[in-house]
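Here's the structure we're looking at; comments come further down.
There are 2 protein chains.
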Amino acid sequence: MSLPHAILALLDFEKSSGYDLAKRFNSSISFFWSTTHQQVYRELGKLTEKGWVEFESVSQSEKPDKKVYHITEAGHDALLDWLNKPAPAARFKEPMLIKLFAGRLLSREALHEEVDAHENRHRKTLGYYREVEQRLKAAPGEVKRRYLLPYMTMRLGIRLEEAWLEWIQEVREVLNEQKDPLQKD
Amino acid sequence: MSLPHAILALLDFEKSSGYDLAKRFNSSISFFWSTTHQQVYRELGKLTEKGWVEFESVSQSEKPDKKVYHITEAGHDALLDWLNKPAPAARFKEPMLIKLFAGRLLSREALHEEVDAHENRHRKTLGYYREVEQRLKAAPGEVKRRYLLPYMTMRLGIRLEEAWLEWIQEVREVLNEQKDPLQKD
DNA sequence: AGAAACATGTAATCAGTTACATGATTGT
DNA sequence: ACAATCATGTAACTGATTACATGTTTCT
Chain A
452 MSLPHAILAL LDFEKSSGYD LAKRFNSSIS FFWSTTHQQV YRELGKLTEK
502 GWVEFESVSQ SEKPDKKVYH ITEAGHDALL DWLNKPAPAA RFKEPMLIKL
552 FAGRLLSREA LHEEVDAHEN RHRKTLGYYR EVEQRLKAAP GEVKRRYLLP
602 YMTMRLGIRL EEAWLEWIQE VREVLNEQKD PLQKD
Chain B
452 MSLPHAILAL LDFEKSSGYD LAKRFNSSIS FFWSTTHQQV YRELGKLTEK
502 GWVEFESVSQ SEKPDKKVYH ITEAGHDALL DWLNKPAPAA RFKEPMLIKL
552 FAGRLLSREA LHEEVDAHEN RHRKTLGYYR EVEQRLKAAP GEVKRRYLLP
602 YMTMRLGIRL EEAWLEWIQE VREVLNEQKD PLQKD
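First to last, the sequence lines map onto chains A and B. The first sequence begins at 452 in my numbering and counts up by one. The second sequence begins at 452 in my numbering and counts up by one.
What follows is the structure, given as structure tokens:
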């Protein structure tokens with residue numbers, strides 16, 4: 452029930468094509484909402500039927516046409532309605548933690564590999580957020596004001612990534628038996 | 452593709468009924484995998500057909516019968532196969548952050564309400580984890596050894612909750628205009 | 001007396017993923 | 001030559017949620 456409203460929220464900021472929306476989902480806000488272009492196209496069809504969005508076909512020279520969607524007044528109202536209700540519960544599914552949970556069935560090497568892979572992934576993501584952060588800090592005042600709350604969502608992303616990386620260090624120490632976290636020492 | 456393996460991982464630790472599995476999902480490991488009893492029952496049916504789990508009906512005096520499921524050798528093998536493959540990607544969906552992202556359309560009061568509700572939720576969860584942590588630290592050595600890696604997954608839960616709470620403070624300061632995080636001062 | 005917890009499930013629907021399909025342009 | 005990016009979509013399937021259904025015991 453949140454995807455259509457996430458799309459409306461993005462379009463309310465800036466009109467864009469389905470393809471472009473999918474990209475926005477999978478770059479800037481991927482850490483709290485991700486999806487595929489297939490789902491976006493399907494959802495845009497439903498939103499068009501409801502009259503919450505409309506599109507103009509833009510023919511680009513030498514490139515395939517694109518449909519640039521924008522939010523309508525009815526769509527804006529629907530978004531406001533949704534925003535004024537309490538947010539649905541979060542859903543977090545992390546298969547890697549199932550592996551760690553049952554990790555006593557794996558070799559130390561296999562566990563280290565998994566942990567290394569995750570460290571790379573999280574370092575990369577954190578690096579990306581910090582880049583975006585620096586770019587935003589260098590932007591004009593009006594942009595900063597407009598993007599203040601979207602930026603705050605990214606601040607959480609940064610804090611969560613930092614927490615992950617600290618935890619990964621702790622796991623490594625435990626795997627190497629340099630630390631026994633359940634002893635009260 | 453991870454739920455059946457999450458069930459196998461839990462059963463590999465300790466046999467239990469469908470009802471009980473659902474409870475285990477929604478208490479100890481809910482922060483990285485949650486589900487409903489309906490889904491668990493359906494999945495247990497499939498796992499039984501595959502021969503990866505089996506059950507015994509236990510008639511309890513004065514209570515309805517329960518089916519106590521345990522993992523089979525084939526199930527253990529299937530779990531090991533899955534554990535030896537790289538973990539699928541994580542999925543995190545947090546509707547509250549959609550609200551904050553589009554928060555410029557809301558009143559300051561509405562935003563504060565949402566933030567307060569989240570602070571309560573995360574404080575409660577963190578309190579619960581810390582209780583479990585204290586109980587584990589007081590447990591016998593064999594229990595500690597057995598639950599070392601499951602405990603490490605909870606350690607991440609603790610760190611993520613702490614990160615959320617710190618971030619919520621930051622959001623509050625920004626909403627109260629006590630802080631402008633995009634100024635490089 | 002009523003609510004919550006114990007215990008199991010079916011049915012219907014909704015959300016999300018994977019596979020397939022097409023065709024042009026740009027970069028290595 | 002080959003991969004990647006731009007740009008759009010359909011179809012099939014799998015995963016997850018919500019509503020419904022039943023009956024007991026224990027707690028307030």
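We treat Cβ as the ideally placed atom computed from N, Cα and C, and that holds for glycine.
Determine the extent of the beta strand (DSSP E) in which residue i is found, giving its start and end residues.
i, result
"K550/A", "Here K550/A belongs to no beta strand (DSSP E); instead the alpha helix (DSSP H) covers P546 to F552."
"F476/B", "Element bounds for F476/B: not the beta strand (DSSP E) but the alpha helix (DSSP H), G469 to N477."
"F506/B", "V504 to V509"
Figure out for me which residue from the options has the closest Cα to the Cα of residue i.
i, options, result
"R572/A", "V504/A, H488/A and W615/A", "W615/A"
"T576/B", "L633/B, T487/B, R610/B and A589/B", "R610/B"
"R559/A", "W618/B, S508/B and L534/B", "L534/B"
"Q550/A", "D567/B, A540/B and T487/B", "Note that residue 550/A is Lys in the sequence shown, not Gln. Closest option to K550/A, Cα to Cα, is A540/B."
"S510/B", "S468/B, E570/B and V566/B", "S468/B"
"W618/A", "I458/A, L548/A, K501/A and G502/A", "L548/A"
"S508/A", "D516/A, P601/A and R596/A", "D516/A"
"G608/A", "V583/A, E593/A and A589/A", "V583/A"
"H488/B", "L557/B, F476/B and L498/B", "F476/B"
"D463/A", "Y492/A, P546/A, E524/A and L562/A", "E524/A"
"R606/B", "A553/B, L556/B, K474/B and F483/B", "F483/B"
"L454/B", "S479/B, V491/B and D471/B", "V491/B"
"L530/B", "Q634/B, L459/B, L633/B and Q629/B", "L459/B"
"R574/A", "F552/A, Q585/A and E613/A", "E613/A"
"Y579/B", "L461/B, K474/B, S478/B and D471/B", "S478/B"
"R586/B", "Q585/A, G496/A, Y520/A and L633/A", "L633/A"
"L600/B", "H527/A, L599/A and D631/A", "D631/A"
"E500/B", "H569/B, Q629/B and Y520/B", "Y520/B"
"V504/A", "Y470/A, E564/A, A538/A and I522/A", "I522/A"
"A538/B", "E564/A, A538/A, H527/A and Q620/A", "E564/A"
"R597/A", "R597/B, F552/B and Y602/B", "F552/B"
"D528/B", "G502/A, G496/A and L557/A", "L557/A"
"A561/A", "K474/B, L498/B and D532/B", "D532/B"
"P546/A", "K474/B, N627/B, I480/B and E570/B", "I480/B"
"K518/A", "R581/A, T486/A, D471/A and E570/A", "D471/A"
Buried or exposed: which applies to residue i, given that a residue is buried once 16 or more other Cβ atoms fall within 10 Å of its Cβ?
i, result
"K536/A", "exposed"
"T604/B", "buried"
"M452/B", "exposed"
"K544/B", "buried"
"R542/A", "exposed"
"P591/A", "exposed"
"A457/A", "buried"
"V622/B", "buried"
"V625/B", "buried"
"E465/B", "exposed"
"V566/B", "buried"
"E494/B", "buried"
"V594/A", "exposed"
"G554/A", "buried"
"A589/B", "exposed"
"A568/B", "exposed"
"G526/B", "buried"
Where do the N-terminal and C-terminal ends of the alpha helix (DSSP H) with residue i fall, by residue?
i, result
"E494/A", "H488 to K501"
"I458/A", "L454 to F464"
"L633/A", "Careful: L633/A lies outside any alpha helix (DSSP H) and carries neither H nor E."
Pull the bridge partners of residue i from the DSSP assignment, please.
i, result
"R542/A", "K544/B"
"I522/B", "V504/B"
"K517/A", "V509/A"
**Request:** With a floor of 4 residues, list each alpha helix (DSSP H) that falls wholly inside the segment 570-623 of chain B, ordered by position along the chain.
**Result:** 592-597
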